[in-house]
Amino acid sequence: MVCGFNHPQGYLVAIDCDGETSWRQIIQINEHLEPKELNLLTPISKTSTESLCDRAQKYLPPTIAFTSGRKYRSQRLYLIPNSKAWEVKSRKIKTGKDEHLEFRGKNLASILPPSFHPEGRNYRWLPGCSPSERQIEIAPDWVIAQMLAKQEKTRKFNLPKEKYNHRYGVGRYAHLIPSIETNIQTALVLLEVIHPRFADDYHSWIQVGMALHSVSPILFKAWDTWSQLSPKYKPGECAYKWQSFNKTGITIRTLFRLANLS
6 MVCGFNHPQG YLVAIDCDGE TSWRQIIQIN EHLEPKELNL LTPISKTSTE
56 SLCDRAQKYL PPTIAFTSGR KYRSQRLYLI PNSKAWEVKS RKIKTGKDEH
106 LEFRGKNLAS ILPPSFHPEG RNYRWLPGCS PSERQIEIAP DWVIAQMLAK
156 QEKTRKFNLP KEKYNHRYGV GRYAHLIPSI ETNIQTALVL LEVIHPRFAD
206 DYHSWIQVGM ALHSVSPILF KAWDTWSQLS PKYKPGECAY KWQSFNKTGI
256 TIRTLFRLAN LS
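Heads up, the sequence shown is in our numbering, so the first residue is 6 and it goes up one at a time.
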């Protein structure tokens, strides 16, 4: 099976959980734990690895899934709607020795059951997760955010670097600043909540664009797609305005405000 735009209903992505540490990574992404808290999520602690997997699976909606039979290793298939599939890239996060969490996208292949595994066993569907028992579910927003965030080389802060360093210290409190993945994920969720009527009004429409741009330049397509909900949409206008956005003082807070008004 080849991932990417090879499914009639959207962009096919396979999430490869390869090893116990990959489950810990899913929890870290979604719960934003500090390093000390994250270290407690190991088999050595009172929390068993089994319950750790259960905790991580809260963030993975039930879908078609399969395994090679190796312990703590499995893959899950999800669909990203075409309207959200712009700019997503495959991403592989090393989580431990010979272990990783991988988001497989365009042109990457996964081997489906009952294919033969090189170690001498067959791939098999997880219980209740075969194609005859369920459909491929829509990918949660945090997955989309991870596949978008690969393009962000560095985290951008509103404060100038010297002021940031002076006020907070270099790296000391870095875990307190939301990650770019979190900001992208939050922005996408808020954009779904914001009523299309705000795309009809120029002032609120342009503020939504500026707020998305402040989060990440790769969110242009999200703004353009949302703008098309308005009868006033003009092709090319979003691209023209987007290029003019610089530091405007408008942040993701604007998205929160408009979402609350929706």
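Glycine included, every Cβ here is placed at the ideal spot set by N, Cα and C.
| query | result |
| --- | --- |
| What's the call for G241, buried or exposed, on a 16-neighbour Cβ count within 10 Å? | exposed |
| Might you give, ordered along the chain, the residues of its own chain that have their beta carbon closer than 6 Å to the beta carbon of T253, omitting 5 neighbours on each side? | M215 |
| According to the neighbour-count rule (16 or more other Cβ atoms, all chains shown, within 10 Å of its Cβ), is E42 buried or exposed? | exposed |
| Mind checking if I143 is an interface residue toward chain B, Cβ cutoff 8 Å exclusive? | Reference to chain B is not applicable here, since this structure consists of a single protein chain. |
| Give me the DSSP bridge partner(s) of H12. | G15 |
| Let's test the definition: count the other Cβ atoms within 10 Å of the Cβ of K166 and tell me whether it reaches 16, buried, or not, exposed. | With a pLDDT of only 40 at K166, under the threshold of 50, the placement of this residue in the model should not be trusted; the figure read from the coordinates follows. K166 is exposed by the Cβ-count criterion. |
| Have a look at L196 and I143 and give me their C-alpha separation to the nearest angstrom. | 17 Å |
| Might you give, ordered along the chain, the residues of its own chain that have their beta carbon closer than 8 Å to the beta carbon of N188, omitting 5 neighbours on each side? | V220, S221, I257 |
| Thinking C-alpha only, which one of G74, S79, F250 is nearest P67? | S79 |
| Name the DSSP bridge partner or partners of K99? | H105 |
| According to DSSP, is A144 helix, strand or coil? | coil |
| Helix, strand or coil for R78 per DSSP? | strand |
| On a Cα-Cα basis, can you pick out the residue from S232, G9, R109, L217 that is closest to A192? | L217 |
| Under 8 Å, do L82 and I141 count as touching if we go by C-beta distance? | yes |
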